[in-house]
């Protein structure tokens, strides 16, 4: 390029390589100085997390009411050594009664509760919960694309209070004696009403809390089963009704009964591992499809939580990738609804399968067991076997 100035030809100044490098370095430093405020500012979620963690460490503890596994608690305490988890264990209905009694006495002792599927709903109805969704801070927890079906799952229709982090393929619906039943011959729940299974089925009592009620309620609410299936099961098949899970498994192993319905599938699998001739049926391949259940693993955040910040940290860790891996490892039939973690710790039969169709069993409208129990009571009253 040439410039003419008053008849003279002027050439642009020539910079050496060294000078060019100095100019570039100077420009780079200026750019960094301009970016410094932006680089130094923490993300909003990080600042919120830091505040919550600092306050949680000052609180020093939280109280966790639970009916299930607690092995993962030690993993939490390793990560956050300044926060101790005080665990209160019991059955779901017992913990519910305890929490309600404490509240009536003006004592608010619980922070986070895992007390089943129906018990936390009673707390929700009593307005004893605060929205657990407001505790979410970590982006990986809030990002719903990391969860099954692309959204967070809740029992309450408001989608705020009772979080469902686990959705396992049910292993609790049907179990059998491996020496008397060929599972490949069963293709539907309706096949259980065949004459050859008459007086050969033990059912865990749907009139009591626990697996029996959950299983029967799932059948009652299923569009392809419903009240008619339960009515015929309890009137036509002369079933034995038991409230003792382990006794029912023993009867199954001893061939007193060929099939067990609505039992504890995990106990069946443990019995199988010990060499007993029992197993669970993968009903996911049946005509009605599989059922997803939370395995009584739901999370609720008590209102007036005495350690609100420690509870927040616990909830976020528990729902994080790290926390859900620990949950799966602790309970081998807990298939986390997080889809960005490995499933090797989950028993194959309890794992969700890509492309499979499942019916969820944690809908709010299914909570009320009274209609199902009314059908069962009426059917048992007409049964020839008195239970």
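Numbering (the numbering used here), first residue to last: 17 to 403.
Virtual Cβ for every residue (Gly too), placed ideally from N, Cα, C.
- Looking at the DSSP output, residue 184 bridges to 309.
- Contact annotation: the region 334-353 does not touch the region 238-246, with fewer than three C-beta pairs closer than 8 Å.
- Nearest in C-alpha terms to residue 366, of all of 378, 397, 380 and 347, is 347.
- Per DSSP, reduced to three states, the secondary structure at residue 274 is coil, with no helix or strand assignment.
- Residue 154 holds the alpha-carbon nearest to the alpha-carbon of residue 332 among 154, 313 and 273.
- Each residue's CA atom was taken as its position, placing residue 73 and residue 325 some 8 Å apart.
- Residue pairing by DSSP places residue 352 opposite 182 in a beta bridge.
- In the structure shown, residue 318 falls within a strand segment according to DSSP collapsed to helix, strand and coil.
- Counting along the chain, the unbroken beta strand (DSSP E) around residue 77 starts and ends at 77-82.
- Here residue 374 is bridged, per DSSP, to 306.
- Beta-bridge pairing by DSSP links residue 295 to 192.
- Judged by DSSP in its simplified three-state form, residue 170 adopts strand.
- Spanning the alpha carbons of residue 273 and residue 266 requires a straight line of approximately 9 Å.
- Counting along the chain, the unbroken alpha helix (DSSP H) around residue 331 starts and ends at 324-335.
- Between the alpha carbons of residue 206 and residue 245 lies a distance of about 7 Å.
- Around residue 359, the same chain offers 367 as residues with beta carbons nearer than 6 Å, after the five sequence neighbours per side are excluded.
- Per the Cβ contact rule, the region 91-110 is not in contact with the region 179-197 (fewer than 3 Cβ pairs under 8 Å).
- Taking the Cα positions, residue 164 is about 12 Å away from residue 373.
- By the Cβ neighbour-count rule, residue 59 is exposed, with fewer than 16 other Cβ atoms within 10 Å of its own.
- The C-beta separation of residue 320 from residue 204 comes to about 49 Å, leaving the pair out of contact by the 8 Å criterion.
- Within the same chain, and ignoring the five residues on either side of residue 395 in sequence, the residues whose Cβ sits closer than 7 Å to its Cβ are 246, 247, 250 and 251.
- One thing to note: residue 152 has its Cβ no nearer than 8 Å to the Cβ of residue 318.
- Non-local beta-carbon contacts of residue 145 in its own chain, meaning distances under 8 Å to residues more than five positions away in sequence, involve 136, 139, 177, 178, 316, 317, 318 and 319 in chain order.
- Going by DSSP, residue 256 is part of the beta strand (DSSP E) stretching over 256-258.
- Between residue 83 and residue 236, the alpha-carbon positions lie close to 25 Å from each other.
- Non-local C-beta neighbours of residue 383 in its own chain, meaning closer than 8 Å and more than five positions away in sequence, comprise 133, 134, 137 and 171, ordered along the chain.
- With respect to the C-alpha of residue 299, the residue from 166, 201, 77 and 167 having the closest C-alpha is 201.
- Annotated three-state conformation of residue 368 is coil, per DSSP.
- Looking at the DSSP output, residue 100 sits in a beta bridge with 77.
- In the DSSP assignment, residue 129 falls within the unbroken beta strand (DSSP E) covering 128-130.
- Taking the C-beta atoms as reference points, residue 218 is found nearer than 8 Å to residue 276.
- The continuous beta strand (DSSP E) containing residue 219 extends over residues 217-220.
- DSSP, read as helix, strand or coil, puts residue 145 in strand.
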